[in-house]
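Right, one structure below, let's go through it.
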Amino acid sequence: MNHQIFRLPVLVILAMTLAFSTLGLTAQEQITNKDVKKRVALMLTAQAAMETLTDMMAGQVMFQANQARSARRTLIQTSDDIAKRFKTPHFDPLSNARPEIWTYWADFKARAASSEAAARQLNVYSLNGLRRSLPSVLQSCLSCHDSYRAEPNEFITH
């Protein structure tokens, strides 16, 4: 089988994972609003699950179906919790949440639902299945972040 097909998507996903993994725990600890802290914790949990799956997909770690299933469950749960965590507009100077979230609430909720649907469609029973299905999950996350997440800097989380 020609693995060249997977090379570009794997590289793109790895680049995005590295970009998202620059979030620092120090910044999270500096957030004073408890509800913003909960949002950040939710996003960091989802990020960790994505890192598990992208590392498997890229061959950085061996594919293990039980770990992939656990990461899938985490992504489903965190996606399901997004609307709940963002429902009330809580602000903190270190938050990356744009105010447009609440201006365009219906769209934001729809994107969260799309992320959950994509997570439910993840095929975590084989490496090939993961490689086919993970890009749609990543795309749903990036789509929402492009619209509703402010550009991070070294001191800002979500």
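Numbering of the sequence shown is given in the numbering used here, commencing with residue -13 and proceeding in unit increments.
Even glycine gets a Cβ: it sits at the ideal position worked out from N, Cα and C.
Just so we're clear, the structure is a prediction, and the values are computed from it rather than from any experiment.
Ignore the nearest five residues each way along the sequence and tell me which others in Met(-13)'s own chain have a CB closer than 6 angstroms to its CB.
Within the sequence shown, numbered from 1, the residue matching residue -13 stands at position 1. In this prediction, Met(-13) has a pLDDT of 49, which is less than 50 and means its spatial position is unreliable; what the coordinates show is noted afterwards. Same-chain partners within the cutoff: there are none.
Buried or exposed: which applies to Ala35, given that a residue is buried once 16 or more other Cβ atoms fall within 10 Å of its Cβ?
Translated into the one-based positions of the sequence shown, residue 35 becomes position 49. Buried is the call here.
DSSP state of Arg84, grouped into three classes?
Counting from one through the sequence shown, the residue named residue 84 turns up at place 98. Here Arg84 sits in coil by DSSP.
Uninterrupted alpha helix (DSSP H) stretches inside the stretch 36 to 109 (no shorter than 4 residues):
Counting whole runs of 4 or more residues, the stretch 36 to 109 contains the alpha helix (DSSP H) stretches 51 to 72, 86 to 89, 91 to 106.
Neighbour-count burial assignment, Ala96, 16 or more Cβ in a 10 Å radius
The residue labelled residue 96 in the question sits at position 110 within the sequence shown. Exposed, since its Cβ has fewer than 16 Cβ neighbours within 10 Å.
Identify the continuous alpha helix (DSSP H) that holds Arg135 and give its terminal residues.
The residue given as residue 135 occupies position 149 in the sequence shown. In the DSSP annotation of this structure, Arg135 is not part of any alpha helix (DSSP H), being labelled neither H nor E.
Counting only the same chain and skipping the five closest in sequence on each side, list residues whose C-beta sits under 8 angstroms from that of Lys24.
Position 38 of the sequence shown holds residue 24. For Lys24, where only same-chain residues beyond five positions count, the Cβ hits under 8 angstroms are Arg71.
For Met42, which residues in the same chain have their Cβ closer than 8 angstroms to its Cβ, ignoring the five residues on either side in sequence?
Here residue 42 is taken as the residue at index 56 of the sequence shown, counted from 1. If the five residues before and after Met42 are omitted, its C-beta is found closer than 8 angstroms to the C-beta atoms of Met48, Phe49, Gln50, Gln53, Ala54, Leu113, Leu116, all from its own chain and listed in chain order.
Helix, strand or coil for Ser126, going by three-state DSSP, please let me know.
Here residue 126 is taken as the residue at index 140 of the sequence shown, counted from 1. For Ser126, the secondary structure class from DSSP, reduced to helix, strand or coil, is helix.
Starting from the C-beta of Tyr111, find all residues in its chain whose C-beta is less than 7 angstroms away, skip the five residues before and the five after it, and write them out in chain order.
Along the sequence shown, one-based indexing puts residue 111 at 125. The answer, listed in chain order, is Ala51.
Are Asp78 and Val22 touching if we call contact CB-CB under 8 angstroms?
Mapped onto the sequence shown, residue 78 falls at position 92. Mapped onto the sequence shown, residue 22 falls at position 36. Contact check for Asp78 against Val22 passes: the beta carbons are separated by less than 8 angstroms.
Out of Ala32, Gly45, Phe94, Ser81, which has the shortest C-alpha to C-alpha gap to Ser129?
Taking the first residue of the sequence shown as 1, we reach residue 129 at position 143. Nearest option by C-alpha distance: Phe94.
Considering only the alpha carbon of each residue, which of Ile17, Thr31, Thr18 lies closest to Ile68?
Position 82 of the sequence shown, counted from the start, is the residue given in the question as residue 68. Measuring from the Cα of Ile68, the nearest candidate turns out to be Thr31.
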